[in-house]
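Step one of this worksheet: look at the structure below.
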Amino acid sequence: MANASKKLFIKTWGCQMNVYDSNRMSDILSALGYKTVDTPEGADMMILNTCHIREKATDKVFSELGRLRVHKEEKIAKGGNMVIAVAGCVAQAEGEFILERAPYVDMVFGPQTYHELPEMVIKASNNERVINTEFPIISKFDHLPDQHTIEGSAAYLSIQEGCDKFCTFCVVPYTRGGEYSRTAQEIIDEAHRLVDQGAKEIMLLGQNVNAFHGVASDGSIWGLAELIRNISEINGLERIRYSTSHPRDMDDDLIDVHGEVQKLMPFLHLPVQSGSDKILEAMNRKHKAEKYLDVIAKLRKARSDIAFSSDYIIGFPGETEQDFEDSLNLARKVGYASCYSFKYSARPGTPAANLQAALVPDHIASERLKRFQALINEQQAAFNKTCEGKTMPILFDRKGKKQGQVCGRSPYSQSVYVTGNDRLIGNIIDVKITEAFDNSLTGDVVTQDDLL
Ligand code: SF4
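Whatever position you read off the sequence shown (first residue = 1), add 199 for this note's numbering.
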């Protein structure tokens, strides 16, 4: 029988897909007697679930490993042992190198292999070092347990993985492999289980989620729109979101579903990366800025209260002041509720990493980023201001920072703070927004006397 006292510590970097993967690893390992803990002290196994998207990803992994090594040595000095594992996209890209440079690491495995964790753990427990960076993607979702870790009342559900787009700055097609969609039935079954476990909101996840094309029970192929229509029929599920989308895969059916399905939240993260057609081409995004605006306009027509967020890369190789102005102008035309923007930095192994000669000097890229973020901050504050006086349904998911305060998410994913009882947590309650700040809102619960 499994020893129920083993402690598992997972540190997760990066996107929501990594959070989903970490939760699923925890589900798998709980069957082996591992209980997930919040701190590395005394853990029997530590997993770093890594992300290769941001700058100096590998360096960050090695510096974290240095800290974990101390915990491992302390444990060994006391006669115990600790398995250290590196998972995720850095593991996929740097597998051999990690084992070579960090001899105290026991396991390195890529994002498509964590369903094989039980076998890997047995090997590592027998002092065999494990490296597993294959792409056996078909079997991964077939071998995950039905039990799910969900935090609060909002759950992630991975429906698609990998990407065939090969944007020139991005490592995902190399670390996560080609596009793969789970079957519609598998996803619907998982959505039911999540709702049975208390999820009121489900975020459908994929590296390129709107490229989803899953086989349905009758052999037909469903796109994301059809999947959303079906999931929205689950009783008890109140909110649906999806991320991350590519403008090229926003087809008319998916746009229509935003008008049809009220459970689909009126907030869409639609990365564009640049407002300059020249830079979009160099990024291999395969669409023009005009096409993006066209999609935004159609979505607004389908659902008038929809708001948008996006990703922009500032200072991509070859970006001139005019190209940057085009990005500013595109952002002005859209008017975002929020937006992520990053200064370009090369990812080893990507085509853009070879564009050394066209690199934008760092001080220019930094100055542009500052200007871009000033615009976005203004837009976000203006959007938040439009919420004042409105009544919005808020899904409460955590305690606030102050005593007697609880916090939840608006349909637009804004943090909303109210004074109220912890019993609000897990419920969707109407809140009248009283004040907007740059990054959050405050309000008063409208009526729910039994929960106040
Ligand atoms: S579509 Fe997204 S995941 Fe795919 S290569 Fe481009 S940026 Fe990366």
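Where a beta carbon is used, it is the ideal one built from N, C-alpha and C, also for glycine.
Keep in mind the model is a prediction, meaning the values are calculated, not measured.
Near residue i, which residues of its chain fall below 8 Å by C-beta distance, leaving aside the five closest residues on each side in sequence?
i, result
"Leu-356", "Tyr-219, Ile-386, Glu-389, Ala-390, Leu-393, Ile-401, Met-402, Leu-403 and Leu-404"
"Gln-579", "Tyr-535, Ala-536, Ser-537, Cys-538, Asp-637 and Asn-638"
"Ser-225", "Leu-207, Ile-209, Tyr-233, Thr-235 and Thr-348"
"Gly-376", "Gln-311, Phe-334, Ile-336, Glu-360 and Gly-361"
"Ile-505", "His-457, Pro-465, Phe-466, Leu-467, Leu-498 and Arg-499"
"Leu-654", "In the structure as shown, the chain starts at 200 and stops at 651, and residue 654 therefore has no counterpart that could be examined."
"Met-482", "Cys-366, Thr-367, Phe-368, Gln-472, Ser-473, Ile-512, Phe-515 and Ala-551"
"Ala-383", "Gly-413, Val-414, Ala-415, Ser-416, Trp-421, Glu-425, Leu-426 and Asn-429"
"Lys-462", "Ser-431, Leu-436, Glu-437, Arg-438 and Ile-439"
Can you tell me the Cβ-Cβ gap for residue i and residue j, rounded? I've got them flagged as a contact below 8 Å.
i, j, result
"Val-471", "Tyr-511", "7 Å"
"Gly-397", "Gly-625", "7 Å"
"Ser-189", "Phe-582", "Examination of residue 189 is not possible in this model, given that the chain is present from 200 through 651 alone."
"Val-289", "Val-260", "5 Å"
"Glu-295", "His-270", "Their Cβ separation, rounded to whole angstroms, is 24 Å, which puts Glu-295 and His-270 out of contact at 8 Å."
So is the beta-carbon of residue i under 7 Å away from any non-hydrogen atom of the ligand SF4?
i, result
"Phe-515", "no"
"Asn-152", "With the chain represented from 200 up to 651, any question about residue 152 goes unanswered, as that position is not in the structure."
"Cys-250", "no"
"Lys-364", "yes"
"Cys-369", "yes"
"Ala-445", "The sequence given here places His at residue 445; Ala does not occur at that position. The answer is yes for His-445."
"Pro-372", "yes"
Can you tell me whether DSSP reads residue i as helix, strand or coil?
i, result
"Tyr-491", "helix"
"Glu-333", "coil"
"Gln-384", "helix"
"Val-370", "coil"
"Val-630", "strand"
"Ala-496", "helix"
"Ala-354", "strand"
"Leu-207", "strand"
"Phe-523", "helix"
"Leu-469", "coil"
"Val-644", "strand"
"Gly-413", "strand"
"Ile-624", "coil"
"Ile-505", "coil"
"Asp-637", "coil"
"Asp-363", "coil"
"Glu-273", "helix"
"Glu-518", "coil"
"Glu-400", "strand"
CB-CB under 6 Å to residue i, same chain, minus the five flanking residues each way: which ones, in chain order?
i, result
"Ala-292", "His-251 and Thr-374"
"Gln-215", "Tyr-355 and Leu-404"
"Asp-448", "Asn-409 and Ala-410"
"Gly-599", "Val-605, Cys-606 and Tyr-616"
"Val-559", "Gly-514 and Glu-518"
"Leu-467", "Phe-507"
"Asp-525", "Gly-474 and Ser-475"
"Tyr-441", "Leu-403 and Val-408"
"Val-679", "Outside the shown range of the chain (200 to 651) lies residue 679, about which nothing can therefore be said."
"Thr-211", "Asn-217, Val-218, Ser-221 and Asn-248"
Excluding five sequence neighbours on each side, which residues of the same chain lie with their C-beta closer than 7 Å to the C-beta of residue i?
i, result
"Pro-169", "Residue coverage of the chain in this structure runs from 200 to 651, which leaves residue 169 outside it and unanswerable."
"Ile-433", "Ala-390, His-391 and Val-394"
"Ser-612", "Phe-466"
"Gly-265", "none"
- What runs of the beta strand (DSSP E), each 3 residues or longer, lie entirely inside the segment 535–608? 539–542, 590–598 and 604–608
- Runs of beta strand (DSSP E) wholly within the segment 215–262 (minimum 3 residues, chain order): 233–235 and 244–249
- Message: What ranges does the beta strand (DSSP E) occupy inside the segment 417–460, keeping only unbroken runs of at least 3 residues that lie completely in it?
- Response: 420–422 and 438–442
- Task: Would you mind listing the beta strand (DSSP E) stretches within the segment 280–331 that are 3+ residues and don't spill past its ends, in chain order?
- Result: 282–286, 306–308 and 329–331
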